[in-house]
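The sequence shown runs contiguously to residue 353 in full-length UniProt numbering.
All residues carry an ideal CB built from backbone N, CA and C; glycine is no exception.
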Amino acid sequence: MNILPRHAIATREQIFSASSPIPSGLLPQLKLPEGRNNAKNSLPTRARHECPHIQVSDWYLPFASSIYCNPFSRAQFIIILLYSTNPPHRTASFRRTLPHSYVFDFISGPFPSSPAPGIKAIYPDSPTYTWFREPTPAGLRAAHRYVAEYIQKHGPYDAVMGFSQGCSLIASMALYHSYDRLSEQGQNGIRGDLPFKAAIFICGGIPLYALQDMGIPVSEEAETISKITGQLLNTTATKLSTFASNTSLIKRGVGLWDNNVTSNTLVHDPSVRPPRNDLFGLDFTSFPSWAKIDIPTVHVYGGKDPRWPAGIQLAEFCADRVEFDHEGGHDIPRGSVVSERIGGMIQDLLRRV
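(1) What do you reckon, are the CB atoms on E323 and A315 nearer than 7 Å?
(2) Ordered along the chain, which non-local residues of its own chain (more than five positions away) have a Cβ less than 6 Å from that of R276?
(3) For T128 and S108, I'd like the C-alpha separation in whole angstroms.
(4) When DSSP builds the beta bridges, which residues end up paired with Q76?
(5) For P112, does the three-state DSSP call read helix, strand or coil?
(6) Would the beta-carbon of residue 372 fall within 7 Å of that of Y102?
(7) Out of K153, A198 and P156, which has the shortest C-alpha to C-alpha gap to A174?
(8) Contact check, I78 vs Y157 under 8 Å by CB: the rounded distance?
(9) Mind checking who R133 pairs with in its DSSP beta bridge?
(10) Please work out which residues of its chain come closer than 6 Å, Cβ to Cβ, to G281, disregarding the five sequence neighbours upstream and downstream, and give them in chain order.
(11) Is the beta carbon of F196 closer than 7 Å to that of A159?
(12) Quick one: give me the first and last residue of the beta strand (DSSP E) that M214 is part of.
(13) What span of residues does the alpha helix (DSSP H) with G343 cover, start to end?
(14) Mapping the DSSP letters down to three states, classify C203 as helix, strand or coil.
(15) What is the DSSP secondary structure of D278, counted as helix, strand or coil?
(16) Quick one: what's got a C-beta closer than 7 Å to R273's C-beta in the same chain, skipping five residues either side?
(17) Which residue wins for smallest C-alpha separation from Y150, given the options F106, A291 and R96?
(18) Taking the alpha carbon of T297 as the reference point, which residue from W290, P309, A319 and F287 has its own alpha carbon closest?
(19) Label R95 either buried or exposed according to how many other C-beta atoms from any shown protein chain fall within 10 Å of its C-beta, with 16 as the threshold for buried.
(20) Mind checking who V267 pairs with in its DSSP beta bridge?
(21) Roughly how many angstroms separate the alpha carbons of P71 and P333, rounded to a whole number?
(22) Taking C-beta to C-beta, are L306 and L233 nearer than 7 Å?
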């Protein structure tokens, strides 16, 4: 076996030619030039067998930056699914609070798309993607297979994390898995257990059309609330572009999402959680017993987010859950106190899996 000095730069061949795990006390580092040919699918799965404690520094698939092997702690592997654009710095604030043994892989949807409202004001040069071209059960199932195949090829992963549409994908993937077990259809490409042990949901819900496809009753009220909150989300997010082009419109101490509260345009009161038999139009007491997500989950949502009702509905599907309202809008919070709280919840979650 090749012996590498502490902090030595290791070649790809040195890592892959090792016939046994790298000895305790050594910390090899492998650096690759950026480029599509050096995507994660060409490296880490094999490297994990040779160096089981891998820390990845800011992956942005399909590009890989650097890999570190830390023999002193067990790695926790988390795959992150965002929506529209997926730069790692969107989650950097709470990732900084986590141990260095945590590995984060970022994947975007397979289809190029127009940016979500307001995205170009924040990430003007970032390409944008979506998980499905059309919001239909068939499109959703195809996205499930895409993620399942990716995890099978690049995993294993301890947990999956989603924001916005990423939550919709993960939640429906887990619920369809419960549904398919009844008929052993496995239409979403998953056989046996789910390919992840836990899930972290940030500002997202589960698509109502997926519930209907599984025979779960969805009332007209639920559909109306979903439509209204979706429109309000888009309207509010679009204001980012307006503020970016005319900063004089920005008022000190007034955030993007605050106007929804002061103008009473939200359909919910974040201080009041409706009963299970009428949770924004869904009657959870009438649902079949299989209609649940039975892995540990963390739910982070903001009371000023127009889509807060969808986040609450998603949480209700999960029995083994922890919830946190960051009191903001439809975004990934970046404040130090909130980031510490989210980081602590993630660590607690992964200790249980």
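Short version:
(1) yes
(2) F284 and T285
(3) 8 Å
(4) Y102
(5) strand
(6) The structure shown has nothing for residue 372, since the chain only spans 1 to 353.
(7) A198
(8) 6 Å
(9) Answer by DSSP bridge pairing: none, since R133 is not bridged.
(10) S219, E221, A222 and I225
(11) yes
(12) From DSSP, M214 is part of no beta strand (DSSP E); its letter is neither H nor E.
(13) S336 to R351
(14) coil
(15) helix
(16) I312
(17) F106
(18) A319
(19) buried
(20) V267 is not bridged to any residue.
(21) Low confidence applies to P71: its pLDDT is 34, below 50, so where it sits in the model is not reliable enough to give any reading.
(22) Residue identity check: residue 306 is Pro in the sequence provided, not Leu. Cβ distance < 7 Å, so P306 and L233 count as in contact.
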